Amino acid sequence: MEEETNFIYLITEDSETNKILAVMLGIMFVSITYHAAVFFHFKSDEIKLKNTVPDWNVLFNESIIESDETQIIADSTKSSFFLEVSEDFLGRGNFVGLLLIEVLYEETSGNIGDPCDFVSANLRPEGALAQWENENNTLSGSSDGCETITLFLQIYPNFDGNNKTESGENMEQALDPWTNSSFGFGEFNLEVEVNTQELVSGLPTQSDDNEEITVQWNLVTFIPIANEL
Amino acid sequence: MSEQNLLSIGAILAAFLGIFSLYLVSKSSELRWNEKIAGFVISWIFIGKAISNSHFSILRSILDSLQGSLLDSETMWQYWWANGHMSDYVFTAGQTLLCLVFPVAVLRTKRQLKIAVSLLLLLLLYWPIVYSSLGPHWLEFAGSVYLLPCLVWTSVYVRFRLIQVNEDDYESGKVADICLLLLLVLNGHIWFYWVGMFAQHDYFYFVDIAGAWSEAGSLHEYIWQMFYTLVIATGVFIVGMEIYILQRTGYISTVGIIVCIYMAIGIIGFFVLSMGDADEAFALGADSKFKDMWKIFTNQTHFTIARPLVAVYILISLGLVDLSSERSMMVAKGLAVILIVVATAALLEMVQLVIPVSQVLSAGLLGIVVAVGIGWEERTFVKIVDSRISIDELLDGTGWEAPDLEISESAFKSANITMLVYFLILMLLSYIIHISDNFINTL
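Residue numbers (this note's numbering), protein chains in the order written: chain B, 1 to 229; chain U, 1001 to 1443.
1) Measure the beta-carbon distance from glutamine 1225 (chain U) to histidine 41 (chain B) and round it to whole angstroms, keeping in mind my assumption that it falls under 8 angstroms.
2) Does the structure place the stretch 1143–1153 of chain U close enough to the stretch 1169–1186 of chain U that three or more beta carbon pairs sit under 8 angstroms?
3) Is the Cβ of glycine 1217 (chain U) closer than 8 angstroms to any Cβ of chain C?
4) Is valine 220 (chain B) close to chain U, meaning its C-beta is less than 8 angstroms from at least one C-beta of that chain?
5) Using a cut-off of 7 angstroms between C-beta atoms, extract the partners of glycine 1143 (chain U) located in chain B.
6) Evaluate contact between the stretch 163–175 of chain B and the stretch 90–109 of chain B, counting only Cβ atoms and requiring at least three cross-stretch pairs below 8 angstroms.
7) Please return the same chain residues whose Cβ sits closer than 6 angstroms to the Cβ of glutamate 69 (chain B), not counting the five positions on each side in sequence.
8) Listing by chain order, which chain U residues have their CB less than 7 angstroms from the CB of threonine 5 (chain B)?
9) Give the C-beta separation of isoleucine 1391 (chain U) and isoleucine 1316 (chain U) to the nearest angstrom, bearing in mind that I take them to be a contact with Cβ-Cβ under 8 angstroms.
10) If the cut is a Cβ gap below 8 angstroms, which residues of chain B does glycine 1196 (chain U) touch?
11) Using a beta-carbon distance below 8 angstroms, is threonine 70 (chain B) in contact with chain U?
12) Checking 8 angstroms against the spacing of the C-beta atoms, do phenylalanine 39 (chain B) and tyrosine 1205 (chain U) come in under that value?
13) Just the C-alpha distance for glycine 161 (chain B) and lysine 50 (chain B), rounded to the nearest angstrom, thanks.
14) Give the DSSP-derived three-state secondary structure of valine 1104 (chain U) in the structure shown.
15) Here's the rule I'm using: 16 or more other beta-carbon atoms within 10 Å means buried, otherwise exposed. How should threonine 1304 (chain U) be labelled?
16) How would you label leucine 1230 (chain U), buried or exposed, when you count the other beta carbons within 10 angstroms and need 16 or more for buried?
17) Given a limit of 9 angstroms on CB to CB distance, which residues of the stretch 1253–1264 of chain U reach chain B?
18) Could you compute how far the alpha carbon of cysteine 1260 (chain U) sits from the alpha carbon of arginine 1161 (chain U)?
19) Go through the stretch 6–50 of chain B residue by residue and report every complete run of the alpha helix (DSSP H) that reaches 4 residues or more, in order.
20) So, is tryptophan 1376 (chain U) buried or exposed, given that buried needs 16 or more other C-beta atoms within 10 angstroms?
21) For alanine 1332 (chain U), count neighbouring Cβ atoms within 10 angstroms of its own Cβ and tell me buried if that reaches 16, exposed if not.
22) Classify aspartate 1396 (chain U) as helix, strand or coil using the three-state DSSP reduction.
23) Please work out which residues of its chain come closer than 8 angstroms, Cβ to Cβ, to alanine 1336 (chain U), disregarding the five sequence neighbours upstream and downstream, and give them in chain order.
24) How many angstroms separate the CA atom of glutamate 212 (chain B) from the CA atom of valine 85 (chain B)?
25) Against isoleucine 20 (chain B), what residues of chain U qualify as contacts under a CB-to-CB distance less than 8 angstroms, listed in chain order?
26) Since threonine 1229 (chain U) meets chain B, which of its residues come closer than 7 angstroms, beta carbon to beta carbon?
27) Mind pulling the chain U residues with CB within less than 9 angstroms of lysine 78 (chain B)?
28) Leaving out the 5 sequence neighbours to the left and right, which residues in its chain are closer than 7 angstroms to valine 1101 (chain U) when beta-carbon positions are compared?
29) Per DSSP, what are the beta-bridge partners of tryptophan 56 (chain B) in this structure?
30) Cα separation between serine 1436 (chain U) and serine 1026 (chain U)?
31) Does the contact criterion of 3 or more C-beta pairs under 8 angstroms hold for the stretch 110–120 of chain B versus the stretch 186–194 of chain B?
32) In angstroms with no decimal places, state the Cα-to-Cα distance between isoleucine 1257 (chain U) and proline 1128 (chain U).
33) Could you tell me whether the stretch 1054–1072 of chain U touches the stretch 1008–1015 of chain U, using the rule of 3 or more Cβ pairs below 8 angstroms?
34) Going along the stretch 1038–1058 of chain U in order, which residues come within less than 7 angstroms of chain B, judged by CB to CB distance?
35) Can you list, in chain order, the stretches of the alpha helix (DSSP H) that have 4 or more residues and sit fully within the stretch 1140–1228 of chain U?
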């Protein structure tokens, strides 16, 4: 009687059931065998590498946007030069990498013996998101010999125009560190001060009371491109 | 609505179901031994799931707000992870015991029952020891929860579906349907992935077990996927069987149709989840957000919302809870209302993912759904209660009735206390794992 109440006995007492159960076990067996073949052979390499994040070579398609402005600045006064950076200014898909500023002037009075004026320039750390604290920046400079004053601002972190290697599951992830459009957008403010100089030799010459200053903005922009290594 | 939110909702649903049904089953004095075991097991596995889902929800929020490496995080992530993982052992052991006693008693003598329970208790001790000493490891045999339920319930389903067809016996068909429902609760979320397994696609083979803690392509991953494959084979077989019955008799059961729908969603899911990588041009698949949304609406919804709802249907419709007293009836109705309202609210939130309606509008919609739903729920609840039939009645006279085994009330009480103590031990063990940096050390 024990056998009659046995589950195996109950489940297998009908021949049609047995045939279908054999089919069931067959499907299970075939599926598990197939899965094992895929897991250990056909897809083995891919599975082992599934958590490996590929490296990408990120290169930068650079362009320089130039703009300049000239102002006549009176003696002992400061004047501001502004550069407004917007998406329209840059073009779609461009990101701002660096800002190079050149302040140019010469002695324009035409008076004999009138020396070059003293000009100082200072890029105010405001108005746009940039690496204002970067040690490579040159945010201020001056000249009393009509030399060009050159200023430099690192805007996009770590951008130097050279190729970079990034990791990412896909191109989007690899480019992610280089597609932050918040850097560099806004208004840059360069203050320039002029102090005219007179010849001190005692000769009777006429000194000037202003100077023509030209500021040339060079904005280095880039479009990042990633290629899987 | 994110995966984290859905896990939280799943935890709430499972907690209500587990605690309420524990109360109701303990008040049910007329149940046979196997029905009572089934009632308690369903209660405890959902309490385990509530703990697991809530812990993984917290872990998810830690991961989402993480700055830097998880290993450097000063949160209690190792505690949440360990306790969330180990609480699932109750689900594994519970499902195994459930298939051995319900709907038909595979264990047919007291000796068999004692051996089975002893083995499961040993496993409940073995798993935490392996996990806390080796971390996620193949020796856990992750996924073994599916082994016996798939074999037993599918076999019983076949036997009773054939009795139904050959002898035109409606009640046997109901037993077959119960087996399908139990398989659906356990396996449904995996059936959505069946095409990926056969088509060798990444969304099945690249599944991250243990949060990518284990080595890619390791034995640990293989064993987990092997059991998933067993589940998929079961689903394919059931669909084949239902189609065979349909062409033979012109009849297909409602639950059979639901299983077929799950498998059909698996076919659509294949197109959504496998296509549209960066270099392909499949409009929906190309959007990874859509893929995430698809998983939330299929896999995650089954895992967190459908499971408790189907389980409460099984509990009530098969009389695993005694509703003869007014108080029990009230508690059961309260449970059903809470589950339906919470699930409806969650589904409405999910709809916001697809149709971005405002919070005010969705609150209004929820109000309407609840107002209409309560009346509908009332009628449905009464209908289910009135038509409930115990498994004992369904099997009466078939030779499959559960044998008479005497299990004292004190044994059930001891088992419940043991489970409570077990969860407390798991909490303590998880805390030890946290303070000893055990996870980090097993890397």
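In this text, a Cβ means the ideal position worked out from N, Cα and C, and glycines have one as well.
Computed from a predicted structure; not experimentally measured.
With the given structure in hand:
1) Your pair glutamine 1225 (chain U) and histidine 41 (chain B) does not check out as a contact, with CB atoms roughly 14 angstroms apart and the cut at 8 angstroms.
2) Short answer: they touch.
3) You won't find chain C in this structure, because its protein chains are B and U.
4) Cβ-Cβ to chain U under 8 angstroms: no for valine 220 (chain B).
5) Listed along the chain, the chain B residues whose CB falls inside 7 angstroms of the CB of glycine 1143 (chain U) amount to none; the nearest CB is some 12 angstroms away.
6) Not touching, per the Cβ criterion.
7) Hits under 6 angstroms: Phe81, Val215.
8) Those within 7 angstroms of threonine 5 (chain B) in chain U are Arg1108, Pro1403.
9) No, isoleucine 1391 (chain U) and isoleucine 1316 (chain U) are not in contact; Cβ-Cβ is about 13 angstroms, not under 8 angstroms.
10) Those within 8 angstroms of glycine 1196 (chain U) in chain B number zero; the least Cβ separation is about 11 angstroms.
11) Not one chain U Cβ lies under 8 angstroms of threonine 70 (chain B).
12) Cβ distance < 8 angstroms, so phenylalanine 39 (chain B) and tyrosine 1205 (chain U) count as in contact.
13) Glycine 161 (chain B) and lysine 50 (chain B) have their alpha carbons spaced roughly 32 angstroms apart.
14) Three-state result, valine 1104 (chain U): coil.
15) Buried.
16) When all chains shown are included, leucine 1230 (chain U) counts as buried.
17) Of all residues in the stretch 1253–1264 of chain U, none has a Cβ within less than 9 angstroms of some Cβ in chain B.
18) When only Cα atoms are considered, cysteine 1260 (chain U) and arginine 1161 (chain U) end up about 16 angstroms apart.
19) The stretch 6–50 of chain B contains these whole alpha helix (DSSP H) runs: 7–11, 15–37, 44–48.
20) So tryptophan 1376 (chain U) counts as exposed.
21) Per the 10 Å Cβ criterion, buried.
22) DSSP places aspartate 1396 (chain U) outside both helix and strand once states are collapsed to three, so it counts as coil.
23) Closer than 8 angstroms at the Cβ level, and outside the excluded window around alanine 1336 (chain U), lie Val1312, Ile1316, Glu1377, Phe1381.
24) Approximately 25 angstroms between the Cα atoms of the pair.
25) By Cβ distance, chain U contributes Val1158, Leu1162, Met1241.
26) Against chain B, a Cβ distance below 7 angstroms from threonine 1229 (chain U) picks out Ser31, Ile32, His35.
27) In chain order: nothing, as chain U lies at least about 42 angstroms away.
28) Cβ neighbours of valine 1101 (chain U) beyond the five flanking positions: Asn1034, Ile1037, Ala1038, Leu1107.
29) Looking at the DSSP assignment, tryptophan 56 (chain B) forms a beta bridge with B:Glu166, B:Glu228.
30) Cα to Cα, serine 1436 (chain U) sits roughly 39 angstroms from serine 1026 (chain U).
31) Touching, yes, given that three or more Cβ pairs across the two stretches are closer than 8 angstroms.
32) Their backbone Cα atoms lie some 39 angstroms apart in a straight line.
33) Contact between the stretch 1054–1072 of chain U and the stretch 1008–1015 of chain U is present: 3 or more CB-CB pairs across the two stretches fall below 8 angstroms.
34) Against chain B - using a Cβ distance shorter than 7 angstroms - the stretch 1038–1058 of chain U contributes no residues.
35) The qualifying runs are 1147–1167, 1170–1191, 1194–1198, 1202–1205.
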